[in-house]
Amino acid sequence: MPKIRFHKLAAIVVLIGFAAWMATGEFSSVGSAAADGQKAGDPAKAPDAAKPKADAEPKAAPRTVAVVTPPRKTYARAIRISGLTEADKRAVLATRVAGVIEKLPVKQGDHVKTGDLVLMLAAEEKISMVDNARQLVTQRKAELGAAERLAKTGNLPKLQLDTARSNLTQAQSQLDTAQAELDRNEVKAPFDGVIDRVPVELGSSVMQGGEVATILKLDPVIARGEISERDLGYLKLDDKAAVRLVSGKTVEGTVRYISRDASSATRTFRVEIAIPNADGSVPAGMTAEIALSAQPTDAVMLPRSVVTLGDRGDLGIRAVDKDNKVVFFPIDLVDDSPRGLVLGGIPADARVIVAGQELVKEGDMVKPVDADQATIQKLLGEATAGTQ
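Heads up: the sequence shown at position 250 corresponds to 249 in numbering that gives the first Met the number 0, and the numbers run straight through without jumps.
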């Protein structure tokens, strides 16, 4: 019988032992036996992980914010734009023929009526032609009268009567032509207004088409501005407007024209405000701020400090809902007055945050408290007083 080497025998023993250990399944409890032993043994020796975390951070308390429910009123929507004043009508008067100025009865600043003589060129020959034509008309009228009397008695043929009538018509035509030529030497006011500029002098010579005067109609005077396409729908004809001039004077007017063709460069629409100006105190060409009073709307007045930016970057206010969560309402700016902002788009029952709105965000739970009297007076007192 062959002798088995020791190392082979040791290997066989190890192999049999490993197979027996595998068959028992004890390998599955490696690393967990100690824990199971501790669970089955002394509970006081259980690891700290089995206990509730004593050092967990407590939940933060809701932040306290001051809220107020502002009073609601009807406000006229104000649209403020920059503009300037201009004349209702403006005309540059010019001569229709060349000549020498013989009459210049007006000067700068004079008020004239429609048809008033502004300038007349020398026209001796044309005046003579008018006089001759007028005398000829008088003569032809006398001849026609004599011919009609003779025709009634049968002493004049009908053909001669027709000739007399034709001669009168021809004479009248000559007078009209001579008068029209004379009228070309005159420059008259086309409408009621004020003479703003007279660049010529009496006795000077002017060419045909030369400028001799500028006339303006300043009653009414017009304040012109441009409104955005966003505000166009709020405005209509005959709406009231307040125009504050650069001099500090404020005048009232009404909207008389709203363009329906936007500027291709600015996408704005021309608006004209007619301002009564019987005394001519408002000049043309003055810078003005136009405040248009558009359709009334339901809104509230709040201080500027309440307005904040939302998550999307739009302007609005933060408020507290019935569940004490912060909500955000985009605003519609109705007016920007010295006492505060008039804002639309805010629900009637909204509790507006007036203190702490910058420290919270939408969805946060808060603890709302009514603003104290001092805060209300500071934030809303002046605004409320200004609307009474």
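Yeah, the Cβ is synthetic: ideal placement off N, Cα and C, and Gly gets one too.
Self-check item: Selection from 150, 169, 168 that minimises the alpha carbon distance to residue 433
Solution: Shown here, the chain extends from 0 to 387; a query on residue 433 therefore has no answer.
Quiz item: Do three or more CB pairs link the segment 239-253 to the segment 287-295 at distances below 8 Å?
Solution: yes
Quiz item: For residue 322, which residues of its own chain have a beta-carbon under 6 Å away from its beta-carbon, when the five flanking residues on both sides are left out?
Solution: none
Exercise. Could you say which of 128, 110, 333, 367 lies nearest to residue 176 if we only look at CA atoms?
Key: 128
Practice problem: Pull up the CB-CB distance for residue 155 and residue 146, whole angstroms please, since I reckon it's below 8 Å. | Solution: 6 Å
Quiz item: Is the beta carbon of residue 238 less than 8 Å from the beta carbon of residue 280?
Solution: no
Practice problem: Rounded to whole angstroms, what's the CA-CA distance from residue 335 to residue 361? Just pull it up for me. | Solution: 26 Å
Quiz item: From 86, 259, 12, 68, pick the residue whose C-alpha is nearest to that of residue 230; which is it?
Solution: 259
Quiz item: Less than 8 Å separating the beta-carbons of residue 96 and residue 207?
Solution: yes
Quiz item: Can you find at least 3 beta carbon pairs, one from the segment 334-354 and one from the segment 294-305, that sit closer than 8 Å?
Solution: yes
Exercise. Output the boundary residues of the alpha helix (DSSP H) element that contains residue 180.
Key: 157-182
Self-check item: residue 224, buried or exposed, once every other Cβ within 10 Å from all chains shown has been counted against 16
Solution: buried
Self-check item: For residue 351 and residue 309, the rounded distance between their alpha carbons
Solution: 14 Å
Quiz item: From what residue to what residue does the alpha helix (DSSP H) around residue 128 run?
Solution: 123-152
Practice problem: Would you identify the three-state DSSP class for residue 343, choosing helix, strand or coil? | Solution: strand
Exercise. Quick one: measure Cβ to Cβ for residue 66 and residue 353, integer angstroms, because I've assumed they're closer than 8 Å.
Key: 7 Å
Quiz item: Pick from 131, 255, 211: whose alpha carbon is nearest that of residue 221?
Solution: 255
Practice problem: Measuring alpha carbon to alpha carbon, tell me which of 273, 111, 326 ends up nearest residue 190. | Solution: 111
Exercise. Please list, in chain order, all residues of the same chain as residue 104 whose beta carbon is under 7 Å from its beta carbon, the five residues on each side excluded.
Key: 116
Practice problem: List the DSSP bridge partners of residue 369. | Solution: 66
Quiz prompt | Residue of 185, 136, 201, 144 minimising C-alpha distance to residue 172 | solution = 136
Quiz item: For residue 212, which of 204, 226, 195 has the nearest alpha-carbon?
Solution: 195
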